[in-house]
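**Student:**
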DNA sequence: AATTGTTTCAAACAGTTGTTTGACAACTCA
DNA sequence: TGAGTTGTCAAACAACTGTTTGAAACAATT
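Residue numbers (my numbering), protein chains in the order written: chain X, 133 to 375; chain G, 133 to 375.
(1) To test your reading of the DSSP string, which unbroken alpha helix (DSSP H) runs of 4 or more residues are found completely within the stretch 202-248 of chain X?
(2) Taking DSSP as the reference, what is the three-state secondary structure of residue 151/G?
(3) Classify residue 202/X as buried or exposed, calling it buried when 16 or more other Cβ atoms lie within 10 Å of its own Cβ.
(4) Closest Cβ-Cβ distance between residue 353/G and chain X: below 9 Å?
(5) Any idea what DSSP makes of residue 376/X, helix, strand or coil?
(6) Near residue 330/X, which residues of its chain fall below 8 Å by C-beta distance, leaving aside the five closest residues on each side in sequence?
(7) Given a cut-off of 9 Å, decide if residue 270/X and residue 259/X are closer than it, judged by their beta-carbon atoms.
(8) Near residue 265/X, what residues of its chain come up, given a Cβ to Cβ distance below 6 Å and the 5 sequence neighbours on each side ignored?
(9) Can you give me the Cβ contacts of residue 159/G inside the same chain, cut-off strictly under 6 Å, excluding the 5 residues immediately before and after it?
(10) For residue 350/G, which three-state DSSP category applies?
(11) When you compare the CB of residue 251/X with every CB in chain G, is at least one pair closer than 9 Å?
(12) Pull out every residue of the stretch 255-276 of chain X whose Cβ sits closer than 8 Å to any Cβ of chain G, in chain order.
(13) Based on Cα-Cα distance, which residue from 302/G, 218/G, 171/G, 257/G lies nearest to residue 278/G?
(14) 9 Å is my cut-off, CB to CB: does residue 142/X come that close to chain G?
(15) Around the Cβ of residue 340/X, are there at least 16 other Cβ atoms within 10 angstroms (buried) or fewer (exposed)?
(16) How would you list, in chain order, the residues of chain X whose beta-carbon sits under 7 Å from the beta-carbon of residue 289/G?
(17) Pop quiz: residue 318/X and residue 233/X are said to be a contact at Cβ under 8 Å. What is the actual Cβ separation, rounded to whole angstroms?
(18) Give the C-beta separation of residue 150/G and residue 180/G to the nearest angstrom, bearing in mind that I take them to be a contact with Cβ-Cβ under 8 Å.
(19) Does DSSP put residue 269/G in a helix, in a strand, or in coil?
(20) Start and end of the alpha helix (DSSP H) containing residue 307/G?
(21) Could you compute how far the alpha carbon of residue 334/X sits from the alpha carbon of residue 316/X?
(22) Whole angstroms are fine: how far does the CA of residue 255/X sit from the CA of residue 144/X?
(23) Here's the rule I'm using: 16 or more other beta-carbon atoms within 10 Å means buried, otherwise exposed. How should residue 257/G be labelled?
(24) Consult DSSP for residue 168/X and reduce its assignment to one of helix, strand or coil.
(25) Would you mind reading off the limits of the alpha helix (DSSP H) that contains residue 180/G?
(26) Determine the chain G residues that contact residue 301/X at a beta-carbon separation under 7 Å, and present them in chain order.
(27) Enumerate in chain order the residues of its own chain whose CB-to-CB distance from residue 192/G is below 7 Å, with the five nearest sequence positions on each side excluded.
(28) Consider the Cβ of residue 152/G: report whether some Cβ of chain X lies at a distance smaller than 9 Å.
(29) Mark residue 304/X as exposed unless 16 or more other C-beta atoms lie within 10 angstroms of its C-beta, in which case mark it buried.
(30) For a contact defined as C-beta to C-beta under 8 Å, what are the partners of residue 333/X on chain G?
(31) Along the chain, where does the alpha helix (DSSP H) that runs through residue 131/X open and close?
(32) Would you identify the three-state DSSP class for residue 253/G, choosing helix, strand or coil?
(33) From residue 204/X to residue 210/X, what does the alpha carbon distance come to, in whole angstroms?
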């Protein structure tokens with residue numbers, strides 16, 4: 133019944149080839165745009181192989197998603213061990229950027245994730261539970277530490293989303309960025325520059341929010357918000373949505 | 133030959149119905165996922181109507197894109213007249229958020245734009261030229277003013293992208309946000325809260341970058357960067373991409 | 001009333017899609 | 001060796017895609 137080495141080798145070989153080819157194709161044209169014929173052609177397999185090995189196209193996609201997530205996570209883990217929250221944030225941002233943009237992985241993970249977020253499939257729930265939520269929790273703790281102990285949970289969430297938004301922008305809007313600023317390639321040094329900028333911007337942003345949100349409690353030095361910050365906030369509250 | 137009122141009325145009526153239905157469908161399932169049969173069914177028109185009025189599906193899509201962009205731009209224009217750069221930034225962020233998230237427009241514009249960015253079609257070039265680049269230029273000037281006159285163009289770009297990234301995050305990642313933080317609906321008051329937060333976060337971020345980038349020039353008061361900011365930047369430079 | 005140009009419509013067309021089928025080869029284990 | 005399982009393959013299937021066609025309905029002009 134079961135299957136010693138050689139048959140298993142054949143099984144695993146085409147299965148692996150399918151997964152690899154599928155990752156490329158899904159990253160390039162998304163789940164909907166991908167055709168099993170194209171995937172199988174690239175994998176050097178027959179059309180029926182997808183049905184045989186993964187049940188159907190959705191099964192193959194789900195497997196690709198999980199594998200890419202695992203791969204990215206293991207290759208660029210969030211560094212631990214730092215106790216300085218600012219350094220933790222820098223590490224988080226760096227590993228996140230590498231996961232989604234690293235040309236070493238052909239940025240496949242980032243592209244697939246971006247498509248999955250904009251046009252969710254049934255696989256998104258699993259992805260959120262297994263990959264995204266743990267990251268979100270990690271970031272929540274870092275930001276919470278930076279904001280100071282008694283920060284409003286909603287404020288912590290908003291700051292976390294400000295950080296992640298900056299990162300994912302380069303992943304979601306690449307086609308627009310390339311058109312707006314051609315020649316600004318994202319190689320390793322560009323990625324370093326990005327990491328530095330987003331970290332500095334976010335740290336200053338979080339500290340600004342902390343200072344504005346918890347105005348000068350005794351025993352805690354907080355700088356008072358600038359005039360312009362207050363005025364712009366009032367501007368935001370002034371205008372109402374037109375019907 | 134041409135065409136008094138009534139015939140034109142019929143023409144414009146089905147054409148408008150097609151545009152309206154198409155905007156909904158494209159926003160829901162994207163260009164690829166949309167079928168002309170579905171669009172025509174919702175518009176109460178025949179399948180051949182798309183070919184007759186717009187040439188083909190791509191022509192209809194292009195028209196929808198342009199019309200949505202025009203509509204959003206005219207309904208939520210970037211407020212002008214403020215001379216305070218901080219207030220300008222607040223106005224920019226507010227109008228941007230409204231354009232892409234306003235439930236009044238069923239967030240169609242934002243959803244369509246998000247799809248177009250992640251999975252570009254031939255229509256993206258026109259969109260960038262007519263709608264996105266002017267906005268980018270506007271933001272560049274605001275950020276440049278905030279950073280101070282002699283700011284590095286690359287730094288200005290990075291800061292601008294940090295601002296836009298925060299905004300678009302809520303547009304691109306809505307499915308994930310809804311799963312991570314259910315119940316955090318984005319109505320008018322939520323939109324106000326978002327505007328206030330992103331504005332404050334960005335102002336603090338830009339000022340932090342300005343202070344770190346142009347260290348204490350004579351005649352210009354700039355606070356020195358925090359210890360953690362420098363340390364995190366060094367962290368970013370220390371780690372190298374593993375092969 | 002006949003003509004003209006415009007718009008709509010049911011039907012069909014040609015192509016692609018995901019998936020299944022049944023035969024065929026390769027291998028394991030008795 | 002021979003039965004039985006496993007993996008591969010060409011071919012076919014049914015459903016759906018964007019687009020076209022030619023006739024009909026319609027309104028305005030001649």
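Every residue, glycine too, gets a C-beta built ideally from N, C-alpha and C. Values in this document were obtained by computation on a predicted structure and should not be read as measured data.
**Tutor:** Per the coordinate set shown:
(1) 217-233
(2) helix
(3) exposed
(4) Bear in mind that a pLDDT of 39 at residue 353/G, under 50, signals an unreliable position, so the number given afterwards is only what the model happens to contain. With 9 Å as the cut-off, residue 353/G does not count as an interface residue toward chain X.
(5) No statement about residue 376/X is possible, as the shown extent of chain X runs from 133 to 375 and does not include it.
(6) 225, 229, 295, 298, 299
(7) no
(8) none
(9) 240, 243, 244
(10) At residue 350/G the pLDDT is 44, less than 50, meaning the model places this residue with poor confidence; the figure from the coordinates comes in the next sentence. It is coil, neither helix nor strand.
(11) yes
(12) 256, 257, 260, 264, 265, 268
(13) 218/G
(14) no
(15) buried
(16) 313
(17) 6 Å
(18) Incorrect: roughly 11 Å between the Cβ atoms, too far for contact.
(19) helix
(20) 306-312
(21) 22 Å
(22) 23 Å
(23) exposed
(24) helix
(25) 180-186
(26) 293, 296, 297, 300
(27) 150, 154, 182, 186
(28) no
(29) buried
(30) 290, 291, 294, 337, 338, 340, 341
(31) Chain X is shown from 133 up to 375; residue 131/X falls before or after that span and cannot be answered.
(32) coil
(33) 11 Å
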